[in-house]
Every structure is written in structure tokens, then in C-alpha cells.
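A.B. asks: For the sequence shown, the residue numbers in the working numbering are 58 to 132.
C-beta: ideal position from N, C-alpha, C; glycine also.
As the structure is a computational prediction, the values presented were derived from the model and not from experiment.
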Amino acid sequence: DEGWRAAMHPDDLPAFEASWAAAVAAARAGERGEFVGEPRLFHAASGTHRWHVLRARPLPEGGWVGVGVDTHELR
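1. Just confirm the distance between the C-beta atoms of Asp127 and Arg112, as a whole number of angstroms; I'd bet it's less than 8 Å.
2. For Gly94, does the count of other Cβ atoms within 10 angstroms reach 16, so buried, or fall short, so exposed?
3. Ends of the beta strand (DSSP E) at Ala82?
4. Around the C-beta of Ala64, are 16 or more other C-beta atoms found within 10 angstroms, so that it is buried, or is it exposed?
5. For chain C, find out if any of its Cβ atoms is closer than 8 Å to the Cβ of Trp121; answer yes or no.
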């Protein structure tokens, strides 16, 4: 599902997509394929976009595992 794009700040989407594509390509090539991004994501409770750090790694059996941390207050 591509619905996650609606949650991302439009200014952050091009860099995010490029970084994600590079991580996927690296993983398919047998490289580490780690993804790290720092986009602003929509926070429904406040009605604003908040900064996050997102990290993901491919799993050996397929798929990805990742974590997202709200870092807005640290900025």
C-alpha cells in the first residue's frame, strides 16, 4: 500500500523515495541495504508534521524491519 505517502510532508518525499530506492537496490544486490531517513510525518493528534528518524534493514528471509522515532522536540 502506498498510503504512507499521504502522511509525509511533500517537501521530504523526493529525498525519502530516492533513499528508499537506493536501500532496496542495495539489498537486492546482496549488500547491506540499510535505510535511514529523517522526514516530517503527519501527526493526527496535533494536526502538524513532526520530525522523525526512520531506520530499516532487510530481513534475510525477505521483507524489512524498521523503527521510527519522533525527534521533533530534539530539533
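C.D. replies: According to the structure shown:
1. Actually they do not touch by this definition, with Cβ atoms about 13 Å apart.
2. So Gly94 ends up on the buried side.
3. Where Ala82 is concerned, there is no enclosing beta strand (DSSP E), although the alpha helix (DSSP H) it sits in stretches over Leu70 to Arg85.
4. It counts as exposed.
5. This model lacks chain C altogether; it includes just one protein chain.
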